[in-house]
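There are 4 protein chains.
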Amino acid sequence: MQLPDLKMPDKEKKILEAAITVISEKGFSASTTSEIAQMAGVAEGTIFRYFKTKKDILRGIFIHLVNIVGEPLILDSFKKILFHSDQKDLRAIIKALLKERFVLMESIYPMLRIIVTEAMYHEDIRKTLHEKIISKALEIFKLFQEEMVAKGLMDKDIDPLAASRSIYGNLVGFFIYQKFFGFVIKLEDFDKDLDRVVDIIMYGISARQNSDARQ
Amino acid sequence: MQLPDLKMPDKEKKILEAAITVISEKGFSASTTSEIAQMAGVAEGTIFRYFKTKKDILRGIFIHLVNIVGEPLILDSFKKILFHSDQKDLRAIIKALLKERFVLMESIYPMLRIIVTEAMYHEDIRKTLHEKIISKALEIFKLFQEEMVAKGLMDKDIDPLAASRSIYGNLVGFFIYQKFFGFVIKLEDFDKDLDRVVDIIMYGISARQNSDARQ
Amino acid sequence: MQLPDLKMPDKEKKILEAAITVISEKGFSASTTSEIAQMAGVAEGTIFRYFKTKKDILRGIFIHLVNIVGEPLILDSFKKILFHSDQKDLRAIIKALLKERFVLMESIYPMLRIIVTEAMYHEDIRKTLHEKIISKALEIFKLFQEEMVAKGLMDKDIDPLAASRSIYGNLVGFFIYQKFFGFVIKLEDFDKDLDRVVDIIMYGISARQNSDARQ
Amino acid sequence: MQLPDLKMPDKEKKILEAAITVISEKGFSASTTSEIAQMAGVAEGTIFRYFKTKKDILRGIFIHLVNIVGEPLILDSFKKILFHSDQKDLRAIIKALLKERFVLMESIYPMLRIIVTEAMYHEDIRKTLHEKIISKALEIFKLFQEEMVAKGLMDKDIDPLAASRSIYGNLVGFFIYQKFFGFVIKLEDFDKDLDRVVDIIMYGISARQNSDARQ
DNA sequence: TATGAATGAGAATTCATTCAT
DNA sequence: GATGAATGAATTCTCATTCAT
Chain A
-12 MQLPDLKMPD
-2 KEKKILEAAI
8 TVISEKGFSA
18 STTSEIAQMA
28 GVAEGTIFRY
38 FKTKKDILRG
48 IFIHLVNIVG
58 EPLILDSFKK
68 ILFHSDQKDL
78 RAIIKALLKE
88 RFVLMESIYP
98 MLRIIVTEAM
108 YHEDIRKTLH
118 EKIISKALEI
128 FKLFQEEMVA
138 KGLMDKDIDP
148 LAASRSIYGN
158 LVGFFIYQKF
168 FGFVIKLEDF
178 DKDLDRVVDI
188 IMYGISARQN
198 SDARQ
Chain B
-12 MQLPDLKMPD
-2 KEKKILEAAI
8 TVISEKGFSA
18 STTSEIAQMA
28 GVAEGTIFRY
38 FKTKKDILRG
48 IFIHLVNIVG
58 EPLILDSFKK
68 ILFHSDQKDL
78 RAIIKALLKE
88 RFVLMESIYP
98 MLRIIVTEAM
108 YHEDIRKTLH
118 EKIISKALEI
128 FKLFQEEMVA
138 KGLMDKDIDP
148 LAASRSIYGN
158 LVGFFIYQKF
168 FGFVIKLEDF
178 DKDLDRVVDI
188 IMYGISARQN
198 SDARQ
Chain C
-12 MQLPDLKMPD
-2 KEKKILEAAI
8 TVISEKGFSA
18 STTSEIAQMA
28 GVAEGTIFRY
38 FKTKKDILRG
48 IFIHLVNIVG
58 EPLILDSFKK
68 ILFHSDQKDL
78 RAIIKALLKE
88 RFVLMESIYP
98 MLRIIVTEAM
108 YHEDIRKTLH
118 EKIISKALEI
128 FKLFQEEMVA
138 KGLMDKDIDP
148 LAASRSIYGN
158 LVGFFIYQKF
168 FGFVIKLEDF
178 DKDLDRVVDI
188 IMYGISARQN
198 SDARQ
Chain D
-12 MQLPDLKMPD
-2 KEKKILEAAI
8 TVISEKGFSA
18 STTSEIAQMA
28 GVAEGTIFRY
38 FKTKKDILRG
48 IFIHLVNIVG
58 EPLILDSFKK
68 ILFHSDQKDL
78 RAIIKALLKE
88 RFVLMESIYP
98 MLRIIVTEAM
108 YHEDIRKTLH
118 EKIISKALEI
128 FKLFQEEMVA
138 KGLMDKDIDP
148 LAASRSIYGN
158 LVGFFIYQKF
168 FGFVIKLEDF
178 DKDLDRVVDI
188 IMYGISARQN
198 SDARQ
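Chains as they are written, first to last, in my numbering: chain A, -12 to 202; chain B, -12 to 202; chain C, -12 to 202; chain D, -12 to 202.
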């Protein structure tokens, strides 16, 4: 896990990167500061110059996700895809979105794994996550939906929460399947797979009234 | 977390139940055997009569999930809902399925939390999970889809993996939202919410060709 | 330092005794739990079964001094010497008192050293010490003085606080000189030395009106 | 704690002053060099330019007490009070002495606290203390006593060691009571209190042959 | 079988000391 | 000279595991 250049001491960055790697692999409690120090190539004591306690390392990772990764990586690219897409075609936009999200998730995968695990156990992390990222993404999606509804590409009755949950639910299901249970697949297969996901997001699982509905 | 009656010594069952509670709340590594013993009302040494090591407790929980909960609770009820439903209406079946799955997930929630966390970190757990539960559920769903396609209720082109992933993705998205981010909601609201999820699973997020498509 | 038999696990007593020895020799902060464990002949972890933290060991010693040693050893013998003495002679009583106090101080010397040091740095210890021992001793002395005044052996104008402070000041000065700066002396020399101390406590340092005043 | 101007680098003096403050408050082992550096307003590394090890700081404080404070502050003023007093009255001299000593002790209180604590644990400190200060003070007192005996103000039989120990014992008892257990008292009360101490030093605690003995 | 005291390896954390800048 | 980041040995404390009762 390589973090972007930040105004942060070199060693602190190394420790944070090492911590993300180690904690992502074994979970927070099962990781030791000695392991993190070793992987970061610093003395164990050095860790505690930058992070008062072990828990503060976790906090550091989280803050990083929310502040550094959250806004520019997660939300900005989300906005960009939804609004600045040249495509006037909803299906193409959704597909582009999934693709970009998939790549994003892969690129911050170790960090993601840590946050997901910890969010399961800590209310405060969930709360911050919701406040800083999830609720904002939902707002963006609502604006997007309005635009799509205006263009006649989405149904106005559709609940935006349910719709975005569906997109993300499908995406995560797809991601987990690829990452956890799937085999490494060829790029063209990936694209086909993705098409299937997009179709279901677009038209659901029921029988299509007319096959023209599909692109 | 109450486990069903099993041919298992009373103390072992108590330990397992206590372990599920404790580990679900703090994660495996952060839980201590002394805590589990205390909650189970047994001496710390007693734990090691039934489980050689702490890790074996986790294994015990997992085996329990797979063997005892997996087949009868997870798969059987899945089958029952899909095939023995009186309804000839796909939408109603999906809704019933989601409802039943939601209740099931809630009832085994502590266990679920443990397994999901551990599956994130251990390949072998993922493998067993896939073998014993996920792949079987997929097979069941395939049979169900064939039936639905035959009745003209589902599109034959739809990938069953993608379809079931969609159903589960939507369900899990819904579940997480309720459990982790949601507020406690009234039962009738829950039903409305569920309807929206079902609609999206059924018809997707795109504009409907004709509004009759919706119930 | 041997503690009296108490309803206290054998190991706890051993740890407490070892702690008193070690801490008395090096001071609290400079003593390590590993050292204490070694001297007590137990594993380091065992210490923390009986004392949650290192600081609790100190608290244990203090509680011991106040509750176990304070009342029966310090105050009771104080009372006994002052009131149950057969002697009708103030000088003899004071001498007996000094002798007995000296022996007592020697017998709990390691504990004393710890408490004195810690009392210098911790207000709460001083407070408890005052409440539980010093103020009580002062009360006892006041009663004693009343008796002596009634018998015409002490001046009624003398401030009991100043008087007892003088007795203890002289005693401690004597004790410190013997223990810290003195050489080991013969028993008869000790007695002579003590006599000089008693004289000064009794009659002060000024020229005596008549030499009969002295024994 | 302000040290007098010395031919000593500014930083070294600052470090020494800071060290006295910090160590006096928490004890030597419990104080950290980082704390001392912070309070002195220098970098931690700077400390080790002036003091090879942490222990050398303590040594520095001690040397300071003995060489700089010991002779001029402790012994000279002792001499001055005893011999250059205008008063021909022993009682008045003792009272003046106690007053002056009390003020002196207060002024070097932090340093005193350190030395007393450390003297309890280190033979070598006690030895130097005795050699450089205590034995000298005793010599001075002996000369004083001779003078007083010549004037008929003190008994020739009185042991000078016992007498000076009494004076100091009473003083220290008084000091401790005021500093550690006492409440803040008014100046006039302080003087009354002091009178009582002086009386006891002068005439002891026994009944006075005639009340004229007291001033 | 059940207990829980005892263990000791290993964890997080502290801090005097060094050294490149 | 002065700095303060970096170190790593030492310290406190935790906890899975053992074992005598």
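Glycine is no exception: its CB is placed at the ideal position from the N, C-alpha and C atoms.
Check, Outcome
"Residue-level contact to chain A via CB, B:E(-1), 7 Å cutoff", "no"
"DSSP state of A:M141 mapped onto helix, strand, coil", "strand"
"Short CB-CB distance (under 7 Å) between B:N54 and chain A", "no"
"Beta-carbon gap between A:L69 and B:S193 smaller than 7 Å", "no"
"Pairwise C-alpha distance: D:I188 and C:G191", "5 Å"
"Closer than 7 Å to chain A by CB, B:D146", "yes"
"Pair within 7 Å by beta-carbon distance, B:M(-12) and B:T8", "yes"
"Members of the region 87 to 116 of chain D near chain C, C-beta cut-off 8 Å", "R100, V103, T104, A106, M107, Y108 and R113"
"Short-range partners of chain B found in the region 153 to 171 of chain A, where Cβ spacing is below 8 Å", "S153, I154, Y155, G156, N157, L158, V159, G160, F161, Y164, F167 and F168"
"The region 47 to 57 of chain B in contact with the region 93 to 109 of chain B per 3-pair CB rule at 8 Å", "yes"
"Chain A residues whose Cβ lies nearer than 8 Å to that of B:D176", "The premise fails here: B:D176 is roughly 12 Å from chain A at the closest Cβ pair, so nothing lies under 8 Å."
"Interfacial residues, the region 4 to 23 of chain A to chain B, with Cβ spacing under 7 Å", "K13, G14, S16 and A17"
"Beta-carbon neighbours of C:Y37, restricted to chain D and to distances below 7 Å", "Under the 7 Å cutoff, chain D gives no residues; its nearest Cβ is about 23 Å from C:Y37."
"Partners in chain D for C:R195, counting only beta-carbon separations shorter than 8 Å", "D142"
"Through-space distance from B:R113 to B:M107, alpha-carbon basis", "8 Å"
"Contacts of B:I192 in chain A (Cβ-Cβ under 7 Å)", "M141, I145, A150, S153, I188 and M189"
"CA-to-CA distance, C:D186 to C:G160, given in whole angstroms", "15 Å"
"Reference D:K42, options D:F128, D:L3, D:P147 and D:Q25, closest by Cα", "D:L3"
"First and last residue of the uninterrupted alpha helix (DSSP H) at D:M107", "Y96 to Y108"
"CB contact below 7 Å: A:E77 versus chain B", "A small correction: the amino acid at residue 77 of chain A is Leu; Glu does not occupy that position in the sequence shown. It does; some Cβ of chain B falls within 7 Å."
"Any C-beta of chain B under 7 Å from that of A:R183", "yes"
"Which residues DSSP lists as bridging A:S193, in chain order", "B:M141"
"Three-state secondary structure (DSSP) of C:L(-7)", "coil"
"Contacts around D:P(-9), its chain only, beta-carbon distance under 6 Å, and the 5 residues preceding and following it disregarded", "none"
"Alpha helix (DSSP H) runs wholly inside the region 58 to 94 of chain A, at least 4 long, in chain order", "64 to 70 and 77 to 94"
"Per-residue burial, D:G32 [other beta carbons within 10 Å of its own, 16 or more giving buried]", "exposed"
"Among A:D144, A:N157 and A:D176, nearest to B:R183 - alpha-carbon criterion", "A:D144"
"D:F177, DSSP secondary structure in three states", "helix"
"Residue interval of the alpha helix (DSSP H) (run including B:D43)", "K41 to I50"
"Close Cβ partners of D:P147 (< 6 Å) along its chain, the five nearest in sequence each way excluded", "F128, K129 and Q132"
"A:A27, DSSP secondary structure in three states", "helix"
"D:I80 to D:K138 span [Cα, whole Å]", "14 Å"
"Assigned secondary structure, A:I2 (DSSP; H/G/I helix, E/B strand, else coil)", "helix"
"C-alpha gap between B:D(-3) and B:G14, whole angstroms", "24 Å"
"For D:M141, the nearest candidate out of C:R195, C:D73 and C:E126 (CA to CA)", "C:R195"
"Host alpha helix (DSSP H) of D:N157 (start-end)", "P147 to I163"
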